[in-house]
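Chains as they are written, first to last, in the numbering used here: chain A, 5 to 243; chain B, 5 to 243; chain C, 3 to 254; chain D, 119 to 466. Single-structure report; data block below.
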Amino acid sequence: MIIAEEVSFFYPDGTKALDNLSLTILAHESAGIIGANGAGKSTLVNHLNGFFLPHNGKISIAGLEIKKKNIEKIRQQVGLVFQNPDDQLFTARLYDDVLFGPLNLGMNKQDIDADAEKLLSNLGLWELRDKPPSHLSQGQKRFAAFATVLIMRPSLLVMDEPTSDLDPRNRRKLINLVNTLQSTKITVSHDLDFIWDTCDQAYIMAEGRITAHGATREILSNRELLEANGLELPLRLQK
Amino acid sequence: MIIAEEVSFFYPDGTKALDNLSLTILAHESAGIIGANGAGKSTLVNHLNGFFLPHNGKISIAGLEIKKKNIEKIRQQVGLVFQNPDDQLFTARLYDDVLFGPLNLGMNKQDIDADAEKLLSNLGLWELRDKPPSHLSQGQKRFAAFATVLIMRPSLLVMDEPTSDLDPRNRRKLINLVNTLQSTKITVSHDLDFIWDTCDQAYIMAEGRITAHGATREILSNRELLEANGLELPLRLQK
Amino acid sequence: MKDIVVQNRNDQTPTLFLSIGDQTALILSAIFLFCVLSVPKYNLPAVITYASFPVLVITAAHIPVKPLLHRLLLLSPFVLIMAAANPWLDRRPFLDLFGMTISGGMISGMVIVVKTMVAITSLQLLTLLVPFYRLALALKRVGVPELFVTQLLLVYRYSFLLAEEAVSMKRARDMRSFDGKGKDLFTTAKLIGSLLIRTTSRAEKIYRAMTARGFQRRLPEKTEMPSFTRVDIATLVFSFLSLMAVRMLFIH
Amino acid sequence: MHIADALLSPVVGGSFWAVSAALIGYSAKKVSLEADGSKTPLMGVLGAFVFAAQMINFSIPGTGSSGHLSGGLLLTLLLGPYRAFIALASVLVIQSLFFADGGLLALGCNIFNLAFFPAFVAFPFIYRIIAGNSVSPGKRAAGSMTAAIASLLMGAYCVVLETTLSGISELPFSTFLLFMLPIHLVIGIVEGLVTLAVVSFIMKTEPTLLAPQLAASSKPRLTLALFTIAALTLGGIISRFSSSLPDGLEWSMAKVSKQEKLHGRQDNVHDLFASLQNRTAFLPDYSFKISPNVIDKTALSASPVNPGTSVSGIVGSLSVLLLAGAAGFVLRKSLPNSQRGIANPRVK
Ligand SMILES: Nc1ncnc2c1ncn2[C@@H]1O[C@H](COP(=O)(O)OP(=O)(O)OP(=O)(O)O)[C@@H](O)[C@H]1O
Ligand SMILES: Nc1ncnc2c1ncn2[C@@H]1O[C@H](COP(=O)(O)OP(=O)(O)OP(=O)(O)O)[C@@H](O)[C@H]1O
Ligand SMILES: [Mg+2]
Ligand SMILES: [Mg+2]
């Protein structure tokens, strides 16, 4: 269960990115967070792993408050896929990048190898495993970043804009994959059709706070609500 | 008019990214290039500005062959929006980035300032003009990258995945903007609905070559053709 | 320059018929270089003979020759100028070749060029045969301070990332620079300043990505290797003897 | 300006190796005393930054050519002398390994020429004296310019010194110096300008990055710098002497020892040195040349006497080369794949 209470956050230049934000997400829920560009979604995501600590208010995950001293425990549970895959991939070889997390967690090398092979093949990256991540196409990078997190089997998976740069077939593959995962999931996306297909609950964010929330299909078919928050109906509902 | 004749290109590690690709795009056409992840789309885009030179075959733009000695002339005509906005923005202040190109082209400072103000306001970035681009949200960066190119009024505008990270309303804004531009346009995108709304002609790319081309609506409603190339119908045509 | 960086990273580690430890490879390279570089300035045959050591390794380990040759073509202009100055400054006849008089300077100039090629090639071989992180560990074992070794590893690791960053910034600039406008010193200085800022923020993000996946200060050490085996000692002794043999034969 | 392996004699290369290694050890100790672990990743990143910055070239006004930053002074401004020295040294190590810039033997010289001067001389005794911790742009400008120019000139001087002392190039000391100093004056001015511009840019946009410089770190001793400069000047004087004749260091050593013999001093020391070298035979055969009569024969006489260099010698050596290539080929073919471990199959 993720609970955020009146969280505020300012960037060093004074930008107020989160403004008294409160939010509750239940365990095993699949939550979608949507909102206009600059609404503060990525800033919120960075809080869930303790990269940013709130200036006011507090956030707790599965009962653990996000604080310096809990950070290591929290990071073992939370898997975070950044919006920009370049922020995620850093080794000289894709395969090393995928193994990096599990090795640090002290998992058994053989198990990891088996897992990695299955996951990478599934994502169509197995042949590319010896490439440096920077030599991948943008969509390949996106999946690669996903793999580095998924292999750690986080109990909370947070994805920031997971479908951008994916081709339609890979996007479909991601929908299926996400729907089979049992963990709690938080998806931030502008792809409202993806949210429609993968999330039970939807949260609308605007100007650093949550302005509405409810069952995904209800929220996403409420044209006025969406437009008031700088959004549109999902493409499947248009026309 | 853009003509590519039997173009091949290999990355230093041996990856064959373009394989005897041929393509003709007429002046003032709005061409959409679609294809699976890793098909070679971005590699092709990088050729249109002379960042990569073909290892075989040749490419010419408005009669100028792409070659070392023509590069500067070509770059004055071709505006390229990269898939990753971080590749585009490099100064410490958004506004400087927007002005950089026009100033180097020797345009009149006052005109540029007026243009820049109009463009940035239109894109919702005027308030953010003094920020370093690295402090923008991902969607804001995308529009910023777009602005740095658009302000130079290129006669050929090439956009690689322009809608990713844009919220639905900004995406709509982009559709309208692109449709009012008179220049020749090439759009690479996985957002087939965007291609549907902005392109006359569609080209399918797979494994480094063009495998099909025709009127956008025809290509995009041909389910078998799309599926054979690792794609799907646009969302608006699904269900 | 970037191509070179790229090349090294992509090449698979080539194979050699001998399995020697990394320290041994390091020590051997050092001894070898010392031998080559101490060849007197007029002794062309000795340098050429020494060149056979890297040639042996190249053919035996199946190392692609083209990139190596490519690298040799990039010989520093400084060295070339110095080598070219020798025939100019030292014209004493040295050798009669089919009626042609070869001057001392020509020979010593050639010795400089060949020595450079041999030195460059053997370092390239070392870096091709031993991946950098192992080379760094080997350095630690031969007594280089840990702080410096960590520093080497970090610089190496970040170099690839930043090289790409720099190249993409340079590209973004070149794309919008015309008639030399935009590439001047002061614009570039700003660019370098931005690179620095990006560098540090990139480093921070990487650090985040690493800690998000359980990283705690030390890089996981993937290697456990014995310091010296009999093969190592045999190789060292044998190589040493052959290097000395060349000296005996050619340098009087 | 990297000096290359092939231009150095082992004696010169080795000595500078020793000096640079000592400086690295010294700086490493100083840095670990400061015990500020958080700066370690920063050092790594900034070292890599120097690399990357060198890929961005700029056009130098009026020349039509382009240049790049060398970064020594900039890094010292960002990290302080000890950390900067280590960061710069690591960059040079990697350059020598992967870019064939310089080489292994030349590494000591290159670290000394390119890292020692900005970190241990120009920053503490030029920049800080002129600019101090002041924020006045004028003082900063003067400080950066002078410090950058001075480090480059000192470095260039050292390149000349090391080359002539090695005696492998025939260029006379003063000619070479006259060639190098003006070029490096220009490079120094450009370096100073760029450093200054980068620093003021950062002051404006991300001032926190410059904090380490303002928080004055301990500074290297003046005596160390003075001593080094004295030693280098002395080296220059010797070079000037020697470079009128080929075989720089060896010749001058010979000359010095001859004079010493004339004066009947230190005879034993020299003999011991020579015989030690003779016996090890490994240390440069230059030891033979130390005795003046050999010099007369090989270096100074006009007749081709070197028995090693003859047509047959060259033909012989070329055939050894071919044979070695063929042997490698045979070795490669004769072993089954499985036996051909990776460079080190023990590593898994
Ligand atoms: N490092 C930073 N420094 C200052 N301001 C920042 C920084 N990063 C983001 N911002 C600002 O904070 C606000 C929220 O940014 P954030 O990245 O969280 O938006 P977002 O909802 O993820 O947007 P997008 O959909 O475009 O990714 C934006 O207005 C942005 O300009
Ligand atoms: N720098 C590189 N070095 C080596 N291979 C590369 C490099 N960049 C791309 N590739 C490979 O070339 C192929 C084409 O890449 P490209 O980026 O052109 O694909 P794309 O069609 O743009 O894909 P996406 O839709 O994911 O952006 C891919 O298989 C990719 O792995
Ligand atoms: Mg975001
Ligand atoms: Mg692409």
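Note that beta-carbon positions come from the ideal geometry of N, C-alpha and C, so glycine has one too.
Point to revise | Test: residue 180/C CB closer than 8 Å to a CB of chain B | key: yes
- Task: Would you please verify whether the beta carbon of residue 370/D is less than 8 Å from any beta carbon of chain C?
- Result: Residue placement at residue 370/D is poorly supported in this model, since its pLDDT is 40, which falls under 50; the coordinates still yield a value, given next. Residue 370/D does not count as touching chain C.
- For residue 79/B, return the contacting residues in chain C, with the cut-off set at a CB-CB distance below 9 Å. 176, 177, 178, 179, 180
Practice task
Taking only beta-carbon positions, decide if residue 227/B is within less than 8 Å of chain A.
Solution key: no
Requested in this report: For residue 17/A, verify whether its CB is less than 7 Å away from any heavy atom of ligand 1.
Outcome: yes
Report task. Could you tell me whether any Cβ in chain C is nearer than 8 Å to the Cβ of residue 443/D? Result -> yes
Is there at least one non-hydrogen atom of ligand 2 closer than 7 Å to the beta-carbon of residue 119/B?
no
Where do the N-terminal and C-terminal ends of the alpha helix (DSSP H) with residue 115/A fall, by residue? 113 to 126
message = Looking only at its chain, what residues have a beta carbon closer than 6 Å to the beta carbon of residue 234/C, apart from the 5 residues adjacent to it on each side?
response = 22, 23, 26
**Report entry** Candidates 60/C, 162/C, 243/C, 191/C, of which the one nearest residue 169/D by Cα
**Finding:** 162/C
Less than 8 Å between the CB atoms is what I'm expecting for residue 112/C and residue 35/C, so what's the real figure, rounded?
Not quite, the Cβ-Cβ distance comes to about 19 Å (not below 8 Å), so this is no contact.
Let me know if residue 15/A comes out buried or exposed under the rule of 16 or more other beta-carbons within 10 Å of its beta-carbon.
exposed
Strictly below 7 Å CB to CB, what residues from chain B border residue 210/C?
Correct list: empty, because the minimum Cβ distance to chain B is about 15 Å.
I'd like to know if residue 171/C contacts chain E, where contact means its C-beta is closer than 8 Å to some C-beta of that chain.
No chain E is present in this structure, whose protein chains are A, B, C and D.
Review point. Which chain C residues are close to residue 92/B, counting only those with a beta carbon under 7 Å from its beta carbon?
Key: 174
(request) Output, in sequence order along the chain, the residues in the stretch 157 to 190 of chain A whose CB is closer than 9 Å to any CB in chain B. (result) 164, 165, 167, 168, 169, 170, 171, 172, 173, 174, 175, 176
Option nearest residue 202/A by Cα separation, candidates 84/A, 23/A, 126/A, 37/A: 37/A
Quiz item: Does any CB atom of chain C fall closer than 8 Å to the CB of residue 95/B?
Solution: yes
Point to revise | Reduced DSSP secondary structure (H/G/I, E/B, other) of residue 206/B | key: strand
- Check whether the stretch 142 to 153 of chain D touches the stretch 274 to 290 of chain D, counting contact only when three or more Cβ pairs, one atom from each stretch, lie closer than 8 Å. no
With DSSP as the reference, label residue 91/A as helix, strand or coil. helix
- Report the three-state DSSP secondary structure of residue 137/B (helix, strand or coil). helix
*Between which two residues does the beta strand (DSSP E) harbouring residue 287/D extend?*
Neither: residue 287/D is in no beta strand (DSSP E) and is coded neither H nor E.
Measuring straight from C-alpha to C-alpha, what distance separates residue 393/D and residue 308/D? With a pLDDT of 48 at residue 393/D, under the threshold of 50, the modelled position of that residue is not reliable, and the figure given next carries that caveat. So the two alpha carbons sit approximately 50 Å from each other.
Hey, residue 67/A and residue 12/A: beta-carbon distance below 8 Å or not?
no
What three-state label does DSSP hand residue 72/C in the structure shown? helix
**Study point:** Contact the stretch 150 to 166 of chain A vs the stretch 185 to 192 of chain B: 3+ CB pairs below 8 Å
**Key:** no
Original post:
Is there a Cβ from chain D that is less than 8 Å from the Cβ of residue 239/C?
Top reply: no
*Could you please tell me which residues of the stretch 26 to 41 of chain A, in chain order, have their CB closer than 9 Å to any CB of chain B?*
38, 39, 40, 41
| task | Return yes when the Cβ of residue 58/C is within less than 8 Å of the Cβ of residue 442/D, no when it is not. | result | yes
### heavy atom of ligand 1 below 7 Å from residue 195/A C-beta
no
Margin query: Is residue 203/D close to chain C? Criterion is C-beta to C-beta, closer than 8 Å.
Written below: no
query: Less than 7 Å between the CB of residue 143/B and some heavy atom of ligand 1, yes or no?
result: yes
Original post:
Which one of 196/B, 151/B, 175/B, 221/B has the shortest CA to CA distance from residue 172/A?
Top reply: 196/B
Alpha carbon of residue 177/B to alpha carbon of residue 241/B, nearest angstrom: 22 Å
Which chain C residues are close to residue 55/B, counting only those with a beta carbon under 9 Å from its beta carbon?
173, 176, 177
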